[in-house]
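Enquirer:
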Amino acid sequence: MDIPLLMPQLGNETTEAELTEWLKAVGDAVTEGEQILVVTTTKLSMEIEAPASGTIKEIVVPEGDLAEIGATLAIISTE
Amino acid sequence: MPKEIIVDPDLMRQKATLAFAEIPVNAYATPFAEERARRGDAALREILRHMLIIRAFESMLASFKATGSYAGISFNYKGPAHLSIGQEGAAVGAALALKPEDHIFGSHRSHGEFIAKGLSTIAQLDEPALNAIMAEHQDGGLLRSVQQHIGGEGKALAENFLLFGLLAEIFMRANGFNGGMGGSMHAFFPPFGAFPNNAIVGGSAGIATGAALRKKLSGSGGITVANSGDGSTGCGPVWEAMNFAAMAQLDTLWGDKKGGLPVLFFFNNNFYAMGGQTIGETMGWDRLSRIGAAINPASMHAETVNGTNPLAVADAVARKRALLLEGKGPALLDVECYRISGHSTTDTNVYRSREEMQLWEAHDPIVLFERALLDEGVLTEDSLAAMRDTVAAQIKAITSAAVDPAAAPIVDVRADPTLIGRLMFSNAEIPVPETPAPLLAAPETSARIRQNAKKARFGLSESGEKLSAMRAITLRDGLFESVLHHMVNDPSLIAYGEECREWGGAFGVYRGLSDILPYDRLFNSPISEAAIVATAVGHALEGGRSLVELMYGDFIGRAGDEIFNQMAKWQSMSAGALKVPVVLRCSIGSKYGAQHSQDWSALVAHIPGLKVLYPATPYDAKGLLASALSSEDPVVFFESQRLYDVVEQFRTEGVPTDYYRIPMGEPDIKRVGSDVTILTIGPSLYSAIAAAEQLETHHGLSAEIIDARSLVPFNYDTVLESVKKTGRILLVSEASERGSFAMTLSANIARFAFGDLKAAPRVLGSPNWIVPGAEMETTYFPQVEDILDVVTGEFFPEKRSNRRGVRDWNDLDLARRAL
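Residue numbers (the UniProt record's numbering), protein chains in the order written: chain A, 1 to 79; chain B, 1 to 819.
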């Protein structure tokens with residue numbers, strides 16, 4: 001099953017954030033709760049955890065780009 | 001919140017009993033013969049002579065205050081005299097163990113400490129070094145007065161220089177050590193290691209702590225001593241300073257700069273805080289040294305020492321000094337010494353019994369030491385009498401000169417009315433810093449810096465749309481860029497405050513800096529606003545530069561004395577000898593209600609000696625912070641939390657990537673107009689701009705908008721020129737109106753532009769009640785509608801329309817009702 005990694009809500013005034021660093025690449029195995037991405041708003045940086053265990057199937061938004069809250073950032077395949 | 005230090009619940013839940021490092025009381029037991037063999041007879045006699053000089057000096061002041069004369073010299077001394085008669089053993093004993101590079105910071109009762117430290121330094125420095133110091137001070141002016149009116153050769157000349165410079169200062173004469181600007185409670189002479197004495201009880205604790213931090217970081221060697229009295233243990237800022245000096249991170253996180261601060265908290269414990277008895281009445285400590293146990297596991301190496309014996313004091317200070325130089329600071333000494341004289345010359349001893357005073361007569365440090373020297377044959381009765389005569393003659397010669405205006409000229413303010421005013425600021429700036437500082441990582445590796453590099457420098461798109469804070473440089477980024485430049489290129493600059501490191505400050509201004517700056521340049525402080533500001537001042541007085549932050553301007557009250565009396569005053573109270581390059585950043589909040597949303601800029605602008613800035617745009621924020629960080633004068637720098645995310649909307653070239661400075665004190669025209677001038681402070685700029693657009697569109701009125709940017713200094717020229725054109729001025733600020741800085745500006749504009757005004761200047765501020773929470777905030781801070789109401793309703797009644805804002809009240813009536 002494909003599970004999307006979404007940009008989380010980062011405070012009620014933030015509308016978009018930067019993908020500062022992907023800690024995993026396509027094909028890497030990840031465990032639910034593992035930190036896989038660093039995102040940055042105007043005020044803070046935070047690490048984003050994998051929503052499920054599996055493999056990174058696709059990175060939708062590359063490092064350095066901005067993405068809006070709720071956007072799909074990557075796809076994790078649980079197969 | 002360092003991630004490498006885990007708060008382990010298993011460890012925290014273990015059953016245990018806390019143990020405290022033992023605190024010795026009166027541990028000194030060195031036989032006199034041993035001291036004599038080690039120090040030599042001449043040194044022991046010098047100890048007595050130094051105590052006699054202090055006693056004679058203080059007695060001279062007591063005599064002037066009580067009788068108007070001393071040794072046949074008549075003089076009306078008008079200033080204060082907090083004498084230390086009875087405490088000479090503590091002062092001379094401490095100085096005996098200190099080196100010239102050690103710096104003492106004193107209290108309101110510090111004549112004795114100052115004299116003792118000066119005499120000790122004179123004894124230790126060679127004559128060429130002393131001559132160089134004396135020749136440099138006031139371009140040799142004080143030295144010439146001493147040579148001409150008192151005389152002396154070699155070290156005797158230096159002693160006369162010390163005593164005359166002090167007494168001339170106490171008499172507030174032009175050639176006193178501090179140009180007459182310090183006086184009795186603030187006399188100091190840094191070249192001899194005597195840094196500012198402080199009229200605020202405990203005021204030196206935080207300052208000496210900051211100076212110790214600078215000593216540690218600069219590697220200049222030596223320690224600092226925070227002299228204060230037993231009464232100061234009741235003062236919060238003293239506790240804050242001791243805790244700051246004992247922060248665990250100094251050992252756990254500071255890497256190659258590991259080690260405690262070299263500061264000795266030296267309490268001259270005379271058992272009385274003016275008339276309140278600290279032992280048994282006003283304090284709970286029983287013995288003062290006990291408080292060391294509250295600070296850290298080492299109990300601050302605290303000891304109670306017999307302050308009537310200079311040898312016991314010297315022994316303790318020497319041992320603490322060695323610990324401090326090993327990086328084991330801070331240390332605390334409780335030096336018990338009875339104040340024979342009153343608190344001041346109006347003290348009639350109503351709070352202590354005659355019996356108690358008689359009991360202590362036998363413990364007079366001079367009586368005890370004289371007897372020891374006589375009993376052991378170090379001194380004969382004749383040589384003692386000769387020594388007393390010499391000291392009396394020396395003090396008389398000093399005094400005769402100090403009361404003589406030919407030798408000690410009065411400060412002639414009448415002949416030069418702005419003389420004192422010109423001492424308030426140096427108005428000096430350092431060059432653009434370019435000394436690379438050691439970093440943890442190259443700046444370009446920081447995500448924050450890479451993120452900023454991708455942002456647009458101007459905040460509007462080609463079609464005029466505002467870019468998001470993620471896509472254009474914000475006010476927060478502008479601040480960051482100036483801080484980054486100074487931090488990376490000026491190793492003498494340090495930055496700290498609450499949550500300043502990993503969090504990057506509560507509002508992320510420093511986000512990313514912790515990746516590149518080591519702990520000794522950027523650290524999290526305890527929640528100790530008084531210590532944050534006081535240590536910043538001490539760090540600056542000792543030659544460093546300080547950038548500190550109060551999370552909210554509302555916390556200024558927690559650092560009131562430190563901002564109003566310390567940060568603001570030492571430049572002028574030293575007649576310009578000391579510089580206070582401190583930048584205090586304060587954010588002004590929003591949404592959090594009455595204790596987190598107040599614009600208190602008027603409070604600091606009211607205090608002489610502080611420069612006050614409040615930029616509202618990214619370009620201004622970056623350029624003004626660069627000026628503040630370059631300033632040799634202290635600057636309070638306000639930032640609106642509501643503006644951290646604003647992008648540059650005025651300067652089409654955008655915010656320059658390179659370093660630049662904007663001169664302090666120049667208001668800036670943000671929109672040109674001809675019918676009305678609107679002068680704004682802080683975020684009101686944006687309400688005024690929006691209002692100006694509506695005035696143009698709906699009312700055919702052209703508003704000129706001027707952003708104050710700087711409160712102190714303030715060049716009125718731009719505003720007066722504007723008013724000449726418009727004849728009307730509205731001042732808008734978010735501070736509650738009564739006593740606000742907008743009111744000050746308004747009053748001055750009414751005066752300076754009276755002939756050009758078609759209407760009285762009008763101030764639109766916030767009402768004189770609490771800032772309500774987020775939901776009601778727009779009823780409090782001036783809104784676009786409120787500006788429209790004033791301009792159309794009061795300046796142009798023919799344009800009046802229905803009231804749009806909430807301010808439907810009568811100001812005269814509100815004033816009557818205390819509102």
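For every residue, glycine included, the Cβ atom is placed at its ideal position computed from N, Cα and C.
Taking the alpha helix (DSSP H) that F741 (chain B) belongs to, which residues open and close that run?
Expert: Translated into the one-based positions of the second sequence, residue 741 (chain B) becomes position 741. Here the alpha helix (DSSP H) through F741 (chain B) covers F741 to F752.
Enquirer: Below 7 Å on C-beta distance, what does S53 (chain A) contact in chain B?
Expert: If you number the first sequence from 1, residue 53 (chain A) lands on position 53. Result: empty, since nearest Cβ-Cβ is about 24 Å, beyond 7 Å.
Enquirer: Alpha carbon to alpha carbon, how far is G292 (chain B) from F20 (chain B)?
Expert: Reading the second sequence from its first residue, position 292 is the one you call residue 292 (chain B). Reading the second sequence from its first residue, position 20 is the one you call residue 20 (chain B). Near 9 Å, if we compare the C-alpha coordinates of F20 (chain B) and G292 (chain B).
Enquirer: What does the Cβ neighbour count give for N269 (chain B), buried or exposed, with the cut at 16 atoms within 10 Å?
Expert: Residue numbering aside, residue 269 (chain B) sits at position 269 when the second sequence is read from its first letter. Under this definition N269 (chain B) is a buried residue.
Enquirer: With 8 Å as the threshold, decide whether the Cβ of R642 (chain B) is near any Cβ in chain A.
Expert: Counting from 1 along the second sequence, the entry for residue 642 (chain B) is found at position 642. Chain A contact via Cβ: absent.
Enquirer: Would you mind working out which of B:A246, B:E101 and B:S107 sits nearest L125 (chain B), comparing C-alpha positions?
Expert: Taking the second sequence and counting its residues from 1, the one referred to as residue 125 (chain B) is at position 125. Minimum Cα distance to L125 (chain B) is reached at B:E101.
Enquirer: What residue does the alpha helix (DSSP H) around V403 (chain B) start on, and which one ends it?
Expert: The count along the second sequence starts at 1 and reaches residue 403 (chain B) at position 403. No alpha helix (DSSP H) contains V403 (chain B), which DSSP labels as neither H nor E.
Enquirer: Using a Cβ-Cβ cut-off of 7 Å (strictly less than) and excluding sequence neighbours within five positions of A56 (chain B), which residues of its own chain qualify?
Expert: For this step, residue 56 (chain B) is matched to residue 56 along the second sequence. So the list reads V391, A392 and I395, once near-sequence residues are dropped.
Enquirer: Who are G229 (chain B)'s beta bridge partners in DSSP?
Expert: Locating residue 229 (chain B) in the second sequence gives position 229, where the first residue counts as 1. DSSP, once it has assigned bridges, lists B:N268 as partnering G229 (chain B).
Enquirer: How many whole angstroms separate the CB atoms of A534 (chain B) and P237 (chain B), which I take to be in contact at a CB cut-off of 8 Å?
Expert: One-based indexing of the second sequence puts residue 534 (chain B) at position 534. One-based indexing of the second sequence puts residue 237 (chain B) at position 237. Yes, A534 (chain B) and P237 (chain B) are in contact; Cβ-Cβ is about 6 Å, under 8 Å.
Enquirer: Please state the DSSP three-state secondary structure of R339 (chain B).
Expert: Stepping through the second sequence from its first residue, residue 339 (chain B) is reached at position 339. R339 (chain B): coil per DSSP, three-state reduction.
Enquirer: With 8 Å as the limit, tell me which residues of the stretch 418 to 449 of chain B have their beta carbon closer than that to any beta carbon of chain A; keep them in chain order.
Expert: Taken in chain order, the members of the stretch 418 to 449 of chain B whose beta-carbon sits within less than 8 Å of a beta-carbon on chain A are A447 and R448.
Enquirer: Under 7 Å Cβ to Cβ from I366 (chain B), same chain only, skipping five residues before and after it: list those, please.
Expert: Indexing the second sequence from 1 puts residue 366 (chain B) at position 366. Cβ within range, chain order: M51, L52, R55 and E88.
Enquirer: Counting Cβ pairs, one atom from each stretch, are 3 or more of them under 8 Å apart for the stretch 399 to 407 of chain B and the stretch 457 to 473 of chain B?
Expert: no
Enquirer: What residue range is occupied by the uninterrupted beta strand (DSSP E) comprising residue 821 (chain B)?
Expert: In the structure as shown, chain B begins at 1 and stops at 819. Residue 821 (chain B) is therefore absent and cannot be evaluated.
Enquirer: Can you list, in chain order, the residues of the stretch 3 to 37 of chain A whose Cβ is nearer than 9 Å to any Cβ on chain B?
Expert: E13, T14, T15, E16, A17, E18, T20 and E21
Enquirer: Given a cut-off of 8 Å, decide if M247 (chain B) and P518 (chain B) are closer than it, judged by their beta-carbon atoms.
Expert: Working through the second sequence from its first residue, we reach residue 518 (chain B) at position 518. Working through the second sequence from its first residue, we reach residue 247 (chain B) at position 247. It is not a contact, given that the beta carbons lie outside the stated cut-off.
Enquirer: Does the ligand PLP have a heavy atom nearer than 7 Å to the CB of N175 (chain B)?
Expert: For the structure depicted, the ligand PLP is absent and the ligand set is empty, with no information on it obtainable.
Enquirer: What is the residue span of the beta strand (DSSP E) that G54 (chain A) lies within?
Expert: Taking the first residue of the first sequence as position 1, residue 54 (chain A) is located at position 54. Residues G54 to I59.
Enquirer: Counting only Cβ-Cβ distances shorter than 9 Å, please list the residues of the stretch 458 to 491 of chain B near chain A, keeping chain order.
Expert: Across the stretch 458 to 491 of chain B, CB contacts with chain A closer than 9 Å involve S468, A469, M470, R471, T474, R476 and D477, in sequence order along the chain.
Enquirer: Less than 8 Å between the beta carbons of A735 (chain B) and A602 (chain B), yes or no?
Expert: Position 735 of the second sequence, counting from 1, holds the residue named residue 735 (chain B). Position 602 of the second sequence, counting from 1, holds the residue named residue 602 (chain B). A contact, by the Cβ cut-off of 8 Å.
Enquirer: Using alpha carbons as the reference points, say which of B:L423, B:E777 and B:I279 lies closest to G589 (chain B).
Expert: Numbered from its first residue, the second sequence carries residue 589 (chain B) at position 589. When only C-alpha atoms are compared, the closest one is B:E777.
Enquirer: Any contact of the stretch 15 to 22 of chain A with the stretch 30 to 46 of chain A, i.e. 3+ C-beta pairs under 8 Å?
Expert: yes
Enquirer: Residues of chain B with CB closer than 8 Å to the CB of L44 (chain A), please, in chain order.
Expert: Locating residue 44 (chain A) in the first sequence gives position 44, where the first residue counts as 1. Correct list: W503, G504, G508 and R511.
Enquirer: Please tell me whether L73 (chain A) has its Cβ less than 8 Å away from any Cβ of chain B.
Expert: By 1-based counting over the first sequence, the position of residue 73 (chain A) is 73. Output row for L73 (chain A): interface = no.
Enquirer: Please classify N160 (chain B) as buried or exposed, where buried requires at least 16 neighbouring CB atoms within 10 angstroms.
Expert: Within the second sequence, residue 160 (chain B) is the residue found at index 160, counting from 1. Buried, by the Cβ-count rule.
Enquirer: So the candidates are B:G700, B:G544 and B:A71; which of them puts its Cα closest to the Cα of R214 (chain B)?
Expert: Here the question's residue 214 (chain B) lines up with position 214 in the second sequence. For the options B:G700, B:G544 and B:A71, the alpha carbon positioned closest to that of R214 (chain B) is the one of B:G544.
Enquirer: Hey, how far is the Cα of A759 (chain B) from the Cα of E785 (chain B)?
Expert: For the purposes of this step, residue 759 (chain B) is identified with residue 759 of the second sequence, where counting begins at 1. For the purposes of this step, residue 785 (chain B) is identified with residue 785 of the second sequence, where counting begins at 1. Spanning the two alpha carbons is a distance of roughly 20 Å.
Enquirer: With a threshold of 8 Å between beta-carbons, can Q649 (chain B) be considered close to chain A, or not?
Expert: For this step, residue 649 (chain B) is matched to residue 649 along the second sequence. No, no contact with chain A.
Enquirer: Does DSSP put F637 (chain B) in a helix, in a strand, or in coil?
Expert: If you number the second sequence from 1, residue 637 (chain B) lands on position 637. F637 (chain B) sits in a strand when the DSSP states are folded into three classes.
Enquirer: Would I473 (chain B) and A594 (chain B) qualify as a contact pair, given that the criterion is a beta-carbon distance under 8 Å?
Expert: Taking the second sequence and counting its residues from 1, one reaches residue 473 (chain B) at position 473. Taking the second sequence and counting its residues from 1, one reaches residue 594 (chain B) at position 594. No.
Enquirer: Output the distance between the C-alpha atoms of S353 (chain B) and M283 (chain B), rounded to the nearest integer angstrom.
Expert: Walking along the second sequence from the start, residue 353 (chain B) turns up at place 353. Walking along the second sequence from the start, residue 283 (chain B) turns up at place 283. Between S353 (chain B) and M283 (chain B), the C-alpha separation is close to 19 Å.
Enquirer: Taking P128 (chain B) as part of the alpha helix (DSSP H), name the residues at either end of that continuous run.
Expert: Position 128 of the second sequence, counting from 1, holds the residue named residue 128 (chain B). That run of the alpha helix (DSSP H) goes E127 to E136.
Enquirer: Distance, Cα to Cα, E49 (chain A) vs A577 (chain B)?
Expert: Numbered from its first residue, the first sequence carries residue 49 (chain A) at position 49. Numbered from its first residue, the second sequence carries residue 577 (chain B) at position 577. The alpha-carbon separation between E49 (chain A) and A577 (chain B) amounts to approximately 57 Å.
Enquirer: Which ranges would you report for the beta strand (DSSP E) in the stretch 271 to 350 of chain B if only whole runs of at least 3 residues count?
Expert: 303 to 306 and 331 to 336
Enquirer: What residue from B:L264, B:V604, B:K591 and B:S59 has the CA that sits closest to N565 (chain B)'s CA?
Expert: Residue mapping note: residue 565 (chain B) aligns to position 565 of the second sequence, counting from 1. Comparing Cα-Cα distances from N565 (chain B) to each of B:L264, B:V604, B:K591 and B:S59, the minimum goes to B:V604.
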